Amino acid sequence: MIFSRHPVSAAMFMIISMVSVAGLFVLLESFFLAILQVLVYAGAVMVLFLFIIMLLDVGPEGSKSSKIKLLSGLAGVVCFGILMVFSLILVLNSYPECSSCAVWPTLDDNNLVLGQSLVFSTSVKSFGFGLFSKYMLPIQVAGFLLLAAMVGVIILSKKFVREGNPS
Amino acid sequence: MTPHYFLFLAFLLFGVGFLGVVIRRNLLIVLMSLELMLNGVNIALVTFSRVGLNLDGSLFVFFIMTVAAAEVAVGLALLVALYKKRQSIFSEDATLLRN
Numbered sequence: 285m286i287f288s289r290h291p292v293s294a295a296m297f298m299i300i301s302m303v304s305v306a307g308l309f310v311l312l313e314s315f316f317l318a319i320l321q322v323l324v325y326a327g328a329v330m331v332l333f334l335f336i337i338m339l340l341d342v343g344p345e346g347s348k349s350s351k352i353k354l355l356s357g358l359a360g361v362v363c364f365g366i367l368m369v370f371s372l373i374l375v376l377n378s379y380p381e382c383s384s385c386a387v388w389p390t391l392d393d394n395n396l397v398l399g400q401s402l403v404f405s406t407s408v409k410s411f412g413f414g415l416f417s418k419y420m421l422p423i424q425v426a427g428f429l430l431l432a433a434m435v436g437v438i439i440l441s442k443k444f445v446r447e448g449n450p451s
Numbered sequence: 294m295t296p297h298y299f300l301f302l303a304f305l306l307f308g309v310g311f312l313g314v315v316i317r318r319n320l321l322i323v324l325m326s327l328e329l330m331l332n333g334v335n336i337a338l339v340t341f342s343r344v345g346l347n348l349d350g351s352l353f354v355f356f357i358m359t360v361a362a363a364e365v366a367v368g369l370a371l372l373v374a375l376y377k378k379r380q381s382i383f384s385e386d387a388t389l390l391r392n
């Protein structure tokens, strides 16, 4: 995706990767997040991206502007390599090799709360319970953030005409 | 099926997104790579949430999605404003603060 020359094909690869991430969420048994991923990312966000690509009329990049700078390319590849090596070390060392221990604990959909913490469950009910009991303030802040983003976008894309001097 | 695979894929997705942010100069693709990085973090959060049987990680993914949607909207509006001013969406042309 990051190496495709045309922005539209990059967006199409992006949609493929978003839907694949939704499939991974299904494998992890969080179905609500999978649906949300498809709706929000593959639906709304990518439509926004494609709309902006269409609006700006971005064609395939020419030979001059698609050339990757040597220094930034080198820095990116070195950082990527370091990240991959450290993640391999971290991931392979963090779990002891035991085939008998229960890596995926079985789900219990009966109770929503265990002690102080919310219990993972596949049902949407537990999401709603968690969002409106423990995370009441963050969800209000998130709603206000969306409102602020909406107002900001309107202000950014509005064309201001000075009063008395309409030029 | 152990969490290793999911965690390594999360790292890989984050790394690919980071590579895109560093090496690309088209600001649209930089924004898309930012989304990719956020998705890698989401996979790791959901994996730990599933393994630890704790819903907090999944709820945090919910908030990350909200913030990502707002960020994309504002970023694309800024991009359109930049294009109106400079007729270009490449990062080397975004030099409004330089002189």
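Protein chains in written order, with the working numbering: chain A, 285 to 451; chain B, 294 to 392. Note that beta-carbon positions come from the ideal geometry of N, C-alpha and C, so glycine has one too. Computed from a prediction, not measured in an experiment: that's the story for all the values here.
Using beta carbons (cut-off 8 Å, strictly below), is residue i in contact with chain A?
i	result
Val334 of chain B	no
Phe304 of chain B	yes
Thr388 of chain B	no
Leu300 of chain B	yes
Ser351 of chain B	yes
Leu346 of chain B	yes
Ser384 of chain B	no
Phe356 of chain B	yes
Arg343 of chain B	yes
Judging by CA-CA distance, which residue of the options is the nearest neighbour of residue i?
i	options	result
Lys378 of chain B	A:Glu447, A:Ser441, A:Pro291	A:Ser441
Ala366 of chain B	A:Asp341, A:Phe309, A:Ala328	A:Ala328
Tyr309 of chain B	B:His297, B:Gly333, B:Leu300	Correcting the residue type first, residue 309 of chain B is Val in the shown sequence and not Tyr. Among B:His297, B:Gly333, B:Leu300, the Cα nearest to that of Val309 of chain B belongs to B:Gly333.
Glu328 of chain B	B:Thr359, B:Ala370, B:Ala374	B:Thr359
Phe341 of chain B	B:Phe383, B:Val354, B:Leu305	B:Val354
Val342 of chain A	B:Val314, B:Ile322, B:Pro296	B:Ile322
Leu320 of chain A	A:Val305, A:Val435, A:Leu332, A:Phe333	A:Val305
Met298 of chain A	A:Met434, A:Met285, A:Leu334	A:Met285
Leu395 of chain A	A:Trp388, A:Pro389, A:Ser407	What sits at residue 395 of chain A in the sequence shown is Asn, not Leu. When only C-alpha atoms are compared, the closest one is A:Ser407.
Pro291 of chain A	B:Leu375, B:Glu364, B:Ser326	B:Ser326
Leu348 of chain B	A:Tyr419, A:Val445, A:Ile438, A:Val437	A:Tyr419
Pro389 of chain A	A:Val397, A:Phe404, A:Leu376	A:Phe404
Gly414 of chain A	A:Leu402, A:Leu376, A:Pro422	A:Leu402
Ala374 of chain B	A:Leu372, A:Leu339, A:Leu376	A:Leu339
Using a Cβ-Cβ distance cut-off of 8 Å, determine whether residue i contacts chain B.
i	result
Phe315 of chain A	no
Ile336 of chain A	yes
Ile300 of chain A	no
Gly343 of chain A	no
Ser371 of chain A	yes
Phe309 of chain A	yes
Ser384 of chain A	Reliability fails at Ser384 of chain A, whose pLDDT of 49 lies under 50, so the model's placement of it is uncertain and the value that follows must be treated cautiously. Not one chain B Cβ lies under 8 Å of Ser384 of chain A.
Ser441 of chain A	yes
Val305 of chain A	yes
Val437 of chain A	yes
Gly414 of chain A	yes
Phe404 of chain A	yes
Gly360 of chain A	yes
Ser417 of chain A	no
Phe364 of chain A	yes
Phe444 of chain A	no
Ser293 of chain A	no
According to DSSP, residue i sits in a beta bridge with which residue or residues?
i	result
Val403 of chain A	B:Asn347
Asn332 of chain B	Bridge partners of Asn332 of chain B: none, in fact.
Val397 of chain A	A:Leu402
Asn319 of chain B	B:Phe383
Subject >> contact_flag[the region 315 to 329 of chain B, the region 428 to 439 of chain A] where n(CB pairs < 8 Å) is 3 or more >> reply: no
Original post:
Taking any Cβ of chain A, which residues in the region 308 to 327 of chain B have a Cβ under 9 Å from it, in chain order?
Top reply: Gly308, Val309, Gly310, Phe311, Leu312, Gly313, Val314, Val315, Ile316, Arg317, Arg318, Asn319, Leu321, Ile322, Leu324, Met325, Ser326
Original post:
When the Cβ atoms of the region 356 to 367 of chain A are set against those of the region 317 to 325 of chain A, are three or more pairs found closer than 8 Å?
Top reply: no
Subject >> Against chain A: residues of the region 361 to 385 of chain B by CB proximity under 7 Å >> reply: Ala362, Ala363, Val365, Ala366, Val367, Leu369, Ala370, Leu371, Leu372, Val373, Ala374, Tyr376, Ile382, Phe383
Original post:
Can we say the region 294 to 305 of chain B touches the region 378 to 389 of chain B, given the rule of at least three CB pairs closer than 8 Å?
Top reply: no
Subject >> chain B contacts made by the region 424 to 436 of chain A, where a contact means CB separation under 7 Å >> reply: Ala426, Leu429, Leu430, Ala433, Gly436
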